[in-house]
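Asker:
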Amino acid sequence: MNGLLLAVILIALLILRMNIIVILGVATFWAYYFWGGGEIMNVVYDMWDASNREVLLSIPLYILAGSIMSQGSIAERLILLMRALTKPIPGGLAIAGLLSCGVFAAISGSSAVTLLAVGSIMYPALIQEGYSRPFAIGMLCAGGTLGIIIPPSIPLILYGVMTQKSIADLFLAGTGPAALLLIVLSLYAMTVNWSKRGDLWDGAEIWRSFTGAIFALMTPVVILGGIYSGYFTPTESAAVAVLTALGVEIFAHKHGVRNLVTGRFAELGGTFKESGVLVWRVVGETSTLLGSLFPILAIALSLNVFMTYEQVPGRIVEFMTTFIDSKLLFLLMTNLLLLAVGLFLDIGAAILILSPLLPPMAADYGMDTIHFGIMMIVNLEIGYLTPPMGLNIIIAMGAFREDFLTIVKGVIPFILLMIFCLIIVMFVPQLSLFLID
Amino acid sequence: MRAAKAFLRYLGIFEQTLCFLAFLVMAYVLIRDVLQREITGSGWFGAPQYGVIGMIIVAYMGVALASANGTHFRPKFADGLLRRWDDTANRIGEFGFAIFCAFMSYVAFQVALESFELKDVAPVTRWPIWPVQGVIVLGFGLVAIRHTLYGIFLELRPVPPEAVEGVEIATDREAADIADGVRDYEKETRS
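Residue numbers (the numbering used here), protein chains in the order written: chain A, 4 to 440; chain B, 2 to 192.
1) Look up P129 of chain B in the DSSP assignment and give the residues it is bridged to.
2) Does DSSP put M2 of chain B in a helix, a strand or coil?
3) Helix, strand or coil, according to DSSP, for R211 of chain A in the structure here?
4) Just by C-beta distance, which residues in the segment 266–292 of chain A are closer than 9 Å to chain B?
5) Please report the distance separating the alpha-carbon of C102 of chain B from that of L7 of chain A.
6) Tell me the DSSP secondary structure of L19 of chain A in three-state form.
7) Could you check which residue in A:A139, A:S114, A:S103 has the C-alpha nearest to that of Y65 of chain A?
8) Starting from the N-terminal side, write out each stretch of the alpha helix (DSSP H) that is 4 residues or longer and does not extend beyond the segment 44–132 of chain A.
9) Counting along the chain, where does the alpha helix (DSSP H) carrying P362 of chain A start and finish?
10) Taking L31 of chain B as the query, report the chain A residues whose CB atoms sit under 8 Å from its CB, ordered along the chain.
11) Report yes if the C-beta distance between L60 of chain A and G63 of chain B is below 8 Å; otherwise report no.
12) Taking 8 Å as the threshold (beta carbon to beta carbon), is G152 of chain B in contact with chain A?
13) For chain A, is any of its Cβ atoms less than 8 Å away from the one on D121 of chain B?
14) What are the boundary residues of the alpha helix (DSSP H) that includes A248 of chain A?
15) In terms of residues, what are the limits of the alpha helix (DSSP H) holding K330 of chain A?
16) If you drop the 5 nearest sequence neighbours on each side, which residues of the same chain put their C-beta closer than 6 Å to that of L304 of chain A?
17) Alpha carbon to alpha carbon, how far is F275 of chain A from A216 of chain A? Give it in angstroms, no decimals.
18) Using a Cβ-Cβ cut-off of 8 Å (strictly less than) and excluding sequence neighbours within five positions of T238 of chain A, which residues of its own chain qualify?
19) Do P363 of chain A and V320 of chain A come within 8 Å of each other at the CB atom, strictly closer than that value?
20) Just how far apart, CA to CA, sit R147 of chain B and A99 of chain B?
21) Between N307 of chain A and the rest of its own chain, which residues show a CB-CB distance below 7 Å, the 5 nearest in sequence each way excluded?
22) Which runs of the alpha helix (DSSP H) fall wholly inside the segment 127–175 of chain A and span at least 4 residues, in chain order?
23) At what residues does the alpha helix (DSSP H) containing K199 of chain A begin and finish?
24) Using the Cα positions of A343 of chain A and L357 of chain A, report the straight-line distance between them to the nearest angstrom.
25) With 16 other CB atoms within 10 Å as the buried threshold, where does V136 of chain B fall?
26) Is G152 of chain B closer than 8 Å to R92 of chain B when the C-beta atoms are compared?
27) With burial defined as no fewer than 16 other Cβ atoms inside 10 Å of the residue's Cβ, what is the status of S68 of chain B: buried or exposed?
28) Helix, strand or coil, according to DSSP, for P76 of chain B in the structure here?
29) Report the option in A:Y191, A:G279, A:L81 whose CA atom is closest to the CA atom of F423 of chain A.
30) Residues in its own chain within less than 8 Å of F21 of chain B by CB, not counting five upstream and five downstream?
31) Could you give the DSSP three-state label for A10 of chain A: helix, strand or coil?
32) What did DSSP end up calling V431 of chain A once you bin it into helix, strand or coil?
33) If we ignore side chains and look at the alpha-carbon of each, how far apart do D87 of chain B and M2 of chain B end up?
34) Can you find at least 3 beta carbon pairs, one from the segment 125–134 of chain A and one from the segment 202–219 of chain A, that sit closer than 8 Å?
35) By how many angstroms is the C-alpha of L119 of chain B removed from the C-alpha of F437 of chain A?
36) Nearest-angstrom Cα distance between K199 of chain A and L149 of chain A?
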């Protein structure tokens, strides 16, 4: 009876335009009050325990590093290099865009940051080179989604926190599917733009653009290399990412070193002042994002503690196995559920809500939970391109001033390609696990 | 309404300043820990714990900042059901959030009080934890005040930038473009 009443209340809250924190919070307080001996203070104790974790420190720092880099000239330099490298290939500029998205995602860890930073430069260039508007915008929207699967990725960190899995392992597992997505999308870009190719490679141009982008290229090497060589933990690597981002922008790209050596202190002071204003702004923005994500994370973890204590996932698994008797059917149902959830929920919220429930079921069907997590994120990634919550569609409509239909028309082939990749990720676990011991 | 608007503006500056300082502490201790380890061979003892304290302050004061910027996540697919009573529904949404946050703040206060009475301390740093737990009380309390005012004066609510991530990294111009995009998008999906 209490369960039924809770369901009615939650639906009412949804209709009454309540935030996810309220919906999740009411469910958690209700669970503790009616089924947890009335100990509602445990909700805050659990939230406190959830917040008091070192591993979470990496989230705000990666967001901050990504924000600093997206305001600087890293994206532009990467694009110049990728453009020089892909010039004679059919659809070269589009492939350059996808590769730039991939490398930039490996630095920023965010899909929207990637779409805006790369797209704002690439979109006008693609149109100027004669690429169709729907293709160009669809490609950039799809390329932008790579930010959540290419490490370091905030959704992967959230999944790791919720399921107690190694974040370094999740990062490693994300690289195979990310490479698959990049290859498939690039092949498509090449096929549909076969007639569009530029001049032959120009060694001088490649060298010039390579030296211009060297610091940008070194950033993912430092961040990811540090983690996998065991030199940094993921949290420490996030701190290094912030330091690298500031260092690259101030000293390398804004010629801070040159100004220091040549004694142009006024210019150096100007750079520092400019960077200070930038840091004030991006810290405010990062805190805002953290403030919308963190309470949901803490409440979701509290609900997770309650459910684990009450053995809810185990009971759900038991219940589900009476209906779903094969792994194939489970995978099919789960992916349909995730695609549906991706239509309506932000990926962060979706991971926080579903991670306590789905991975134990996947484990029961013999799936590796790291592989399952990667599949879940590749699936939810598609939600960035599907209305009504498609974040990249919304950003593209605003930032590139294109109408809804053009964008939807543009993203459809890419959604189909991503579903194709999802199927491969689903049925070939080695693609995710080959780098993990 | 003018007084409420001014109050919310000063509140926003206070929240952002607190977040900024806590963020600097968090980033500083972690970066110093890594650098110190590289230079002297041993890191800064307890650095991650100090960093966590900074993060908790940022996160729970960030809840208030997210309210100020209208970036809390909200499922919108059921909005159409009350389209005819938009203002009333929005008002209920604001007051509902305010009541929830006030309740959260109250429960968090009880927890902080208990920690104070039991003299609970954090591991490693051995600092009392009630002041940090107090940030949860403050964060949710400020959100409750803010949303009560939004409920009374609907015009004070920030324009919700749907693309949270996008807007937070976008320049002002891009943010304005995105806000336009959101409006176009809503129009399209509604039609």
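Ideal Cβ positions, reconstructed from N, Cα and C, are used throughout, including at glycine.
Answerer: A quick look at the data gives this:
1) Answer is B:V122.
2) DSSP places M2 of chain B in coil when its eight states are reduced to three.
3) When secondary structure is reduced to three states using DSSP, R211 of chain A falls in the helix class.
4) Cβ contacts with chain B: V282, W283, V285, V286, G287, E288, T289, S290, T291, L292.
5) Computed Cα separation, rounded: 25 Å.
6) Residue state, collapsed to three classes: coil.
7) Nearest option by C-alpha distance: A:S114.
8) Fully enclosed alpha helix (DSSP H) runs of 4 or longer: 44–54, 61–74, 77–89, 95–111, 114–131.
9) 361–367 is the extent of the alpha helix (DSSP H) around P362 of chain A.
10) Per Cβ cutoff of 8 Å: L60, L64, T238, E239, A241, A242.
11) In terms of Cβ geometry, L60 of chain A and G63 of chain B do not form a close pair [threshold 8 Å].
12) No - not a single Cβ of chain A is within 8 Å of the one on G152 of chain B.
13) For D121 of chain B, the nearest beta carbon of chain A is not closer than 8 Å to its own beta carbon.
14) Counted as a single uninterrupted DSSP element, the alpha helix (DSSP H) harbouring A248 of chain A occupies residues 237–250.
15) Element bounds for K330 of chain A: 330–347.
16) Apart from the 5 residues on each side of it in sequence, L304 of chain A sits with its Cβ closer than 6 Å to the Cβ of A53 in its chain, given in chain order.
17) About 22 Å.
18) Only E57, V58, L60, S61, L64 meet the Cβ criterion.
19) Inclusion of V320 of chain A and P363 of chain A in the CB contact set at 8 Å is warranted, their separation being smaller than that value.
20) Those two C-alpha atoms are separated by around 8 Å.
21) When the five nearest sequence neighbours on each side are left out, the beta carbons in the same chain lying within less than 7 Å of the beta carbon of N307 of chain A are those of M165, P359, in order along the chain.
22) The segment 127–175 of chain A contains these whole alpha helix (DSSP H) runs: 136–148, 157–166.
23) First-last for K199 of chain A: undefined, no H or E at that position.
24) C-alpha separation (whole angstroms): 13 Å.
25) The residue is buried, with at least 16 neighbouring Cβ atoms inside 10 Å.
26) A contact, by the Cβ cut-off of 8 Å.
27) Here S68 of chain B is buried: its Cβ has 16 or more other Cβ atoms, across all protein chains shown, within 10 Å.
28) P76 of chain B: coil per DSSP, three-state reduction.
29) Closest by alpha carbon: A:Y191.
30) In the same chain as F21 of chain B, and ignoring 5 residues on each side of it, no C-beta atom comes closer than 8 Å to its own.
31) In the displayed model, A10 of chain A falls within a helix according to three-state DSSP.
32) Residue state, collapsed to three classes: coil.
33) Spanning the alpha carbons of D87 of chain B and M2 of chain B requires a straight line of approximately 21 Å.
34) Note that the segment 125–134 of chain A does not touch the segment 202–219 of chain A; fewer than 3 beta-carbon pairs, one per stretch, sit closer than 8 Å.
35) Distance between the alpha carbons of F437 of chain A and L119 of chain B is about 50 Å.
36) Each residue's alpha carbon lies about 24 Å from the other.
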